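Visitor: Starting off with a structure, shown below.
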């Protein structure tokens with residue numbers, strides 16, 4: 006196994022790629038969905054199918070809404086109750102208010118931070134949040150799940166496992182395995198340039214699977230590497246909380262020095278204070294941006310030390326026309342005067358900001374957005390063909406020796422390739438079928454997703470018995486047909502339940518919904534073609550008893 | 437896999453642990469000493485911490501691959517866990533002298 010450099014890397018590539026590949030499929034597939042998260046939100050929340058809105062007036066809309074947000078998220082409160090030395094008081098003290106929007110958001114997310122007294126963590130805060138219609142401040146019901154940003158997006162980095170943040174660690178480790186698989190894959194193959202142009206779809210399945218694996222890997226090599234790496238960098242504070250834990254005195258010292266330098270107080274003054282009009286501060290910030298030749302809208306607005314005489318308001322320009330996030334302007338809450346402006350960032354933070362901004366894509370560039378989406382799907386294709394290669398290479402010996410290895414890999418591959426798409430489409434279908442005002446509608450939707458996904462695993466495990474005779478599992482074509490019918494149903498149901506059929510959305514140029522519908526139809530088409538091809542292949546296999554001759558191939562020495 | 441020498445499952449398990457836990461400890465040490473050394477050298481706080489945490493993942497990747505490539509498993513453990521502990525200790529000492 007570890008006898009030499011090449012064999013060690015091959016072992017690493019095969020086994021870490023296989024085990025964590027299932028996690029990586031989830032991360033890259035739902036990551037790709039998250040590229041269009043706001044568009045999927047519009048599709049799943051018909052009442053929000055309006056044009057994107059800028060940050061609304063603070064004084065007219067936001068202030069009153071913030072004042073009503075007096076409770077943190079119950080789940081966060083419960084978690085906080087577990088890390089305090091004294092029982093949590095009934096009413097928690099509000100520390101911060103903030104609101105965030107991008108050029109693709111017709112709705113606005115608002116957050117309120119609460120102090121956690123007597124916590125074992127330093128500067129402990131928990132949050133409450135609401136989503137509002139920025140035109141009138143109306144709150145969107147919590148039972149309405151924004152499937153893109155509220156379900157697919159957190160899935161791709163946390164797997165929705167909130168218990169001790171375990172989901173983040175699993176995905177983080179999978180990202181390291183991805184990087185290691187890329188490095189080992191490059192060393193295993195050497196003929197990178199040639200593989201760029203090599204795809205022999207008509208050769209036997211093992212050969213063409215490996216070609217496709219290499220092609221998908223090589224074509225988007227920088228994407229695979231940079232997205233896994235930047236994903237890790239975004240959560241560096243979770244994965245390596247070195248400075249915050251081990252060197253806390255150093256952090257405190259830095260914070261004190263920074264506060265002296267900027268004039269932004271670390272702690273509330275303890276004296277009550279009133280906020281002067283924030284809209285005036287926003288206008289001042291916009292004027293300043295315009296005077297520097299970079300007019301823009303507000304992306305993020307925050308009030309720190311809410312209700313205190315030393316409260317301050319931070320205003321950040323949005324990132325519509327650039328990759329990295331913006332420098333902020335900080336105003337004295339009481340007087341409305343500028344206290345401090347963030348200076349331009351240095352080279353290290355520019356690189357850091359670029360890597361994170363590239364991954365999060367708050368900029369407006371639809372060509373790039375589509376390329377990133379395709380990159381994510383190529384990552385999925387690379388991982389999926391890895392699974393198929395594993396199975397194809399071993400299924401005969403495993404069948405002969407009564408070994409269940411390739412059977413299980415095949416079942417899990419079906420579950421994370423077609424099964425995941427079936428579950429994804431199910432949540433969209435059920436989103437259009439459930440009554441609009443059903444209590445806990447979000448819970449119904451999410452439960453459907455998990456239940457369907459488990460069913461696809463059961464189906465795949467049952468059908469994988471074909472692997473015992475080294476035949477293809479029928480789960481592949483059957484789940485492809487399921488995808489085709491669900492995708493078609495989702496598009497039809499959208500037209501029936503909302504009236505926003507493609508004729509209307511396309512002629513109105515309402516791309517968020519038209520785009521999702523078109524992708525659904527494309528998915529249905531591709532899945533139907535795939536299902537037919539798979540079934541034709543299975544029939545040919547049955548007829549052609551000399552099938553085995555067709556699949557012998559010259560053993561590739563480096564993949565031995 | 438069959439054609440090559442197979443190792444005992446303990447050896448494989450030890451390699452995997454070294455690859456994951458050893459690399460984590462080594463990277464932790466790298467971030468600890470790296471950040472404090474850069475701070476001591478006069479870099480800004482965020483510049484120092486951002487730089488080492490970005491490089492940290494590449495260090496982790498290198499350590500992870502090293503754990504499987506290196507011929508001697510003893511050396512892997514010594515370098516990753518031993519080195520990681522040393523780096524962490526050095527970083528901690530340096531941070532106390534800075535604070």
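Protein chains in written order, with my numbering: chain R, 6 to 565; chain P, 437 to 535.
Every residue, glycine too, gets a C-beta built ideally from N, C-alpha and C.
Quantities reported herein were computed from a predicted structural model and do not represent experimental measurements.
(1) Return the residues of the region 500-526 of chain P that lie within a Cβ-Cβ distance of less than 7 angstroms from chain R, sorted by chain order.
(2) Of the residues R:166, R:146, R:58, which one's Cα is nearest the Cα of residue 139 of chain R?
(3) Which of the three DSSP states, helix, strand or coil, is assigned to residue 350 of chain R?
(4) What does DSSP give as the partner residues of residue 321 of chain R in its beta bridges?
(5) With a cut-off of 8 angstroms on the beta carbons, I'd call residue 313 of chain R and residue 274 of chain R a contact; round off their distance for me.
(6) What does residue 364 of chain R touch in chain P if you count any residue whose Cβ is under 8 angstroms from its own?
(7) State the Cα-Cα distance for the pair residue 95 of chain R and residue 121 of chain R, rounded to the nearest angstrom.
(8) Nearest to residue 213 of chain R by CA position, among R:149, R:391, R:481, R:161, is which residue?
(9) Output the distance between the C-alpha atoms of residue 399 of chain R and residue 412 of chain R, rounded to the nearest integer angstrom.
(10) Cα-Cα, which of R:32, R:338, R:372, R:101 is closest to residue 178 of chain R?
(11) Identify the contact partners of residue 528 of chain P in chain R, using a Cβ-Cβ distance below 7 angstroms as the criterion.
(12) Measure from the alpha carbon of residue 534 of chain P to the alpha carbon of each residue in R:337, R:252, R:164, R:276, then state which is nearest.
(13) Between residue 126 of chain R and the rest of its own chain, which residues show a CB-CB distance below 8 angstroms, the 5 nearest in sequence each way excluded?
(14) Buried or exposed for residue 448 of chain R, going by 16 or more other Cβ atoms inside 10 Å?
(15) Strictly below 9 angstroms CB to CB, what residues from chain P border residue 181 of chain R?
(16) Any idea what DSSP makes of residue 326 of chain R, helix, strand or coil?
(17) What separation, rounded to the nearest whole angstrom, lies between the Cα atoms of residue 521 of chain R and residue 455 of chain R?
(18) Runs of 3 residues minimum, wholly inside the region 437-491 of chain R: which ones carry the beta strand (DSSP E) assignment?
(19) Which runs of the alpha helix (DSSP H) spanning at least 4 residues fall entirely within the region 370-410 of chain R, listed in chain order?
(20) Is the number of C-beta pairs between the region 449-458 of chain P and the region 509-526 of chain P that are closer than 8 angstroms three or more?
(21) Below 8 angstroms between beta carbons is the criterion; list the residues of the region 287-303 of chain R that meet it against any residue of chain P, in chain order.
(22) Classify residue 323 of chain R: buried if its beta carbon has 16 or more other beta carbons within 10 angstroms, exposed otherwise.
(23) Is the shortest distance between the beta-carbon of residue 432 of chain R and the beta-carbons of chain P less than 8 angstroms?
(24) To the nearest angstrom, how far is the alpha carbon of residue 488 of chain R from that of residue 426 of chain R?
(25) Residue 449 of chain P CB to nearest chain R CB: under 8 angstroms?
(26) Does the distance from the CB of residue 220 of chain R to the CB of residue 187 of chain R come in under 8 angstroms?
(27) Please give the ranges of any alpha helix (DSSP H) in the region 468-524 of chain P, keeping only runs that are unbroken, at least 4 residues long and fully inside the region.
(28) I need the boundaries of the alpha helix (DSSP H) containing residue 104 of chain R, first residue and last residue.
(29) In three-state DSSP terms, what is residue 252 of chain R?
(30) By alpha-carbon positions, which one of R:143, R:100, R:377, R:162 ends up nearest to residue 41 of chain R?
(31) In three-state terms, what does DSSP make of residue 278 of chain R?
(32) Please report whether the beta-carbon of residue 411 of chain R lies at a distance below 8 angstroms from any beta-carbon of chain P.
(33) Which residue wins for smallest C-alpha separation from residue 10 of chain R, given the options R:69, R:193, R:25?
(34) Taking Cβ positions only, does residue 239 of chain R come closer than 8 angstroms to chain P?
(35) From R:433, R:441, R:538, pick the residue whose C-alpha is nearest to that of residue 482 of chain R; which is it?
(36) Please return the same chain residues whose Cβ sits closer than 7 angstroms to the Cβ of residue 513 of chain R, not counting the five positions on each side in sequence.
Guide: Taking the definition as stated:
(1) 500, 501, 504, 505: these are the residues of the region 500-526 of chain P whose beta carbon lies less than 7 angstroms from some beta carbon of chain R, given in chain order.
(2) Comparing Cα positions, the closest option is R:58.
(3) When DSSP states are grouped into helix, strand and coil, residue 350 of chain R belongs to the coil group.
(4) Looking at the DSSP assignment, residue 321 of chain R forms a beta bridge with R:305, R:333.
(5) Residue 313 of chain R to residue 274 of chain R, Cβ: 5 angstroms. Contact.
(6) Going along chain P, no residue has its Cβ under 8 angstroms from residue 364 of chain R, so there is no contact; the nearest lies around 13 angstroms.
(7) Their Cα atoms are separated by approximately 11 angstroms.
(8) The shortest Cα separation from residue 213 of chain R among R:149, R:391, R:481, R:161 belongs to R:391.
(9) In a straight line, the C-alpha of residue 399 of chain R is about 10 angstroms away from that of residue 412 of chain R.
(10) In terms of CA proximity to residue 178 of chain R, R:32 leads the group R:32, R:338, R:372, R:101.
(11) Within 7 angstroms Cβ-Cβ: 251.
(12) Nearest Cα to residue 534 of chain P within the set R:337, R:252, R:164, R:276: R:252.
(13) Result list for residue 126 of chain R: 88, in chain order.
(14) Of the residues assessed, residue 448 of chain R falls on the exposed side of the cut-off, its CB having fewer than 16 other CB atoms within 10 angstroms.
(15) Per Cβ cutoff of 9 angstroms: 456, 459, 493, 496, 497, 500.
(16) Of the three classes helix, strand and coil, the one that applies to residue 326 of chain R here is coil, per DSSP.
(17) Residue 521 of chain R and residue 455 of chain R have their C-alpha atoms some 22 angstroms from each other.
(18) Taking only runs of at least 3 residues, no beta strand (DSSP E) segment lies wholly in the region 437-491 of chain R.
(19) The qualifying runs are 371-406.
(20) Touching, yes, given that three or more Cβ pairs across the two stretches are closer than 8 angstroms.
(21) The residues in question: there are none.
(22) Result: buried.
(23) Answer no: the Cβ-Cβ gap between residue 432 of chain R and chain P never drops below 8 angstroms.
(24) Separation of residue 488 of chain R and residue 426 of chain R (C-alpha to C-alpha, rounded to the nearest whole angstrom) is 7 angstroms.
(25) Residue 449 of chain P does not count as touching chain R.
(26) Contact flag unset, no.
(27) Inside the region 468-524 of chain P, DSSP marks whole alpha helix (DSSP H) runs of 4 or more residues at positions 481-505, 509-513, from first to last along the chain.
(28) Careful: residue 104 of chain R lies outside any alpha helix (DSSP H), inside the beta strand (DSSP E) at 99-105.
(29) Correct three-state label for residue 252 of chain R: coil.
(30) Closest in C-alpha terms to residue 41 of chain R, from the list R:143, R:100, R:377, R:162, comes R:377.
(31) Residue 278 of chain R: coil per DSSP, three-state reduction.
(32) No, no contact with chain P.
(33) Nearest C-alpha to residue 10 of chain R: R:193.
(34) Put simply, the CB of residue 239 of chain R is far from chain P, with every gap to its CB atoms at 8 angstroms or more.
(35) Of R:433, R:441, R:538, the residue nearest in Cα terms is R:538.
(36) Correct list: empty, nothing qualifies.
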